[in-house]
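Student: If you use this note's numbering, the sequence shown corresponds to residues 171 to 507, in order. Note that CB positions come from ideal geometry on N, CA and C, so glycine has one too. Keep in mind the model is a prediction, meaning the values are calculated, not measured.
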Amino acid sequence: MLTRRSLLTSVAAVFALALCLPDTARSDRPIPVVATFSILGDMVKQIGGEHVVVTTLVGPDGDTHMYQPTPADARAISEARILVVNGLQFEGWLDRLIEASDFRGVQVVATDGIEPMAYGHGADAHAEDDDHDGHAEGDDRHGHDGHDTHAEGDDHDGHDHGALDPHVWQSLRDAAVYVDNITAALARADPGNAGVFYRNRAAYVDALKALDTRISEIVAGLPAESRTVVTSHDAFAYFGRDYGLTFIAPQGLSTESEASAQDVVRLIRQIRDDGIRAVFIENIGDPRLLKRIADETGAVIGGTLYPGALSGPDGPAPTYLDMMRHNATTLARALAS
Ligand SMILES: [Zn+2]
171 MLTRRSLLTS
181 VAAVFALALC
191 LPDTARSDRP
201 IPVVATFSIL
211 GDMVKQIGGE
221 HVVVTTLVGP
231 DGDTHMYQPT
241 PADARAISEA
251 RILVVNGLQF
261 EGWLDRLIEA
271 SDFRGVQVVA
281 TDGIEPMAYG
291 HGADAHAEDD
301 DHDGHAEGDD
311 RHGHDGHDTH
321 AEGDDHDGHD
331 HGALDPHVWQ
341 SLRDAAVYVD
351 NITAALARAD
361 PGNAGVFYRN
371 RAAYVDALKA
381 LDTRISEIVA
391 GLPAESRTVV
401 TSHDAFAYFG
411 RDYGLTFIAP
421 QGLSTESEAS
431 AQDVVRLIRQ
441 IRDDGIRAVF
451 IENIGDPRLL
461 KRIADETGAV
471 IGGTLYPGAL
481 SGPDGPAPTY
491 LDMMRHNATT
501 LARALAS
């Protein structure tokens with residue numbers, strides 16, 4: 171039987187417990203989170219809702235490869251309890267930024283647990299090296315033993331810097347791993363709202379799966395001879411793996427690398443030889459090279475793809491799901507015509 175006295179004691183005990191909780195465990199204060207780029211920022215907002223305040227370092231239409239951090243970024247990281255990064259060397263500037271800050275929170279590597287793809291640029295774009303039909307002129311860098319000079323694609327010598335493709339978010343299936351890593355970190359930081367985060371996660375993963383199914387259906391309808399896509403840089407290998415498309419590009423894995431004249435000549439030849447009819451520009455970076463390639467080959471510009479940054483709120487890709495939907499429908503429209 172609960173006496174008045176013991177009830178009062180219990181109430182006092184609850185108050186005492188509440189007072190003992192550190193500030194950071196109270197769930198009425200949103201968790202300050204920093205995300206390195208817009209896709210991660212969107213995912214954190216989808217899972218955290220009103221319980222997070224998200225600062226995104228590289229915003230809409232920004233190029234994370236080429237980003238130069240600011241003092242404001244260091245301040246944001248100093249105040250963050252959680253820092254969400256892609257990993258796989260996508261944010262080459264991150265370590266120095268963290269060193270320049272007073273970060274004492276938890277770093278979440280969103281790609282932890284995925285199976286990274288080796289950078290396949292060498293294997294795909296150089297397939298014609300094997301057909302012995304006189305493509306060698308002007309091309310000594312990429313002759314039959316040319317793979318050894320292509321360090322990014324081949325790590326036989328143990329030089330594996332940049333050998334793993336960081337653009338994992340281009341797989342809706344792998345994106346579920348990003349979401350799991352983010353959800354677990356939020357739940358640890360704010361256990362009182364863990365139930366909310368896991369409910370949001372479940373709904374979001376359902377949406378990822380539904381869109382994945384939809385894109386599979388869209389791509390399944392494309393003709394078999396119309397499944398090679400030209401983009402500015404090699405950002406779509408995971409998308410290509412999931413849906414059976416081949417992506418080729420004059421630039422490598424990062425927008426930091428310049429396309430060599432030989433790479434451009436090779437690509438133009440491949441577009442002509444394979445009858446590729448559409449090339450796609452990207453929302454980040456400079457479209458001039460792709461426009462020149464289109465002019466020289468007679469290929470059309472099939473539209474704008476979003477390799478690694480969302481659009482602004484009024485653009486076609488203000489969220490990650492919108493971005494993936496936009497990329498798929500843009501590709502399908504151009505390849506089907
Ligand atoms: Zn990229």
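1. In chain order, what residues of the same chain lie with their CB nearer than 8 angstroms to the CB of ASP233, ignoring the 5 residues before and after it?
2. Can you check which of these residues, ASP443, THR383, ALA270, is closest to THR467 by C-alpha distance?
3. Can you tell which of THR226, ASP212, VAL435, LEU356 has its C-alpha closest to the C-alpha of GLN421?
4. Going by alpha carbons, who is nearest to ILE471 out of LEU459, GLY485, ILE451?
5. Output yes or no for whether 8 angstroms exceeds the beta carbon distance between VAL399 and LEU415.
6. Would you mind working out which of ALA357, SER396, ASN363, TYR348 sits nearest TYR490, comparing C-alpha positions?
7. Would you check if the distance between the CB atom of VAL228 and the CB atom of SER208 is smaller than 8 angstroms?
8. What does the alpha-carbon distance come out to for the pair VAL203 and LEU460?
9. My assumption, with CB atoms under 8 angstroms, is that VAL222 sits in contact with VAL254. Please give the rounded CB distance.
10. Indicate the three-state DSSP secondary structure (helix, strand or coil) for ASP492 in the structure shown.
11. Alpha carbon to alpha carbon, what distance is there between ALA407 and VAL366?
12. Measure the C-alpha to C-alpha separation of ILE252 and THR353 and round it to an integer number of angstroms.
13. Can PRO477 be considered in contact with ligand 1, in the sense that its beta carbon sits closer than 7 angstroms to one or more heavy atoms?
14. For ASP272, tell me which candidate among MET494, SER430, ASP198, PRO241 has the shortest Cα-Cα distance.
15. Alpha carbon to alpha carbon, how far is LEU501 from ALA246?
16. Just to confirm, is the Cβ distance from MET287 to ARG447 under 8 angstroms?
Tutor: With the given structure in hand:
1. Taken in chain order, the residues that qualify are THR425, ILE454, GLY455, GLY478, ALA479.
2. That would be ASP443, whose Cα lies nearest to the Cα of THR467.
3. Closest option to GLN421, Cα to Cα, is VAL435.
4. Nearest to ILE471 by alpha-carbon distance, out of LEU459, GLY485, ILE451, is ILE451.
5. Annotated as proximal: VAL399 and LEU415, with beta-carbon spacing under 8 angstroms.
6. In terms of Cα proximity to TYR490, the closest of ALA357, SER396, ASN363, TYR348 is TYR348.
7. Taking a C-beta distance under 8 angstroms as the contact criterion, VAL228 and SER208 qualify as a contact pair.
8. VAL203 and LEU460 have their C-alpha atoms roughly 37 angstroms apart.
9. 10 angstroms between Cβ atoms; not a contact.
10. Reduced to three states, the DSSP call for ASP492 is helix.
11. If you draw a straight line from the Cα of VAL366 to the Cα of ALA407, it comes to about 34 angstroms.
12. Their backbone Cα atoms lie some 11 angstroms apart in a straight line.
13. It does: the Cβ of PRO477 is within 7 angstroms (strictly closer) of some heavy atom of ligand 1.
14. Comparing Cα positions, the closest option is PRO241.
15. Going by the C-alpha atoms only, they are around 37 angstroms apart.
16. For MET287 and ARG447, no; Cβs fall outside 8 angstroms.
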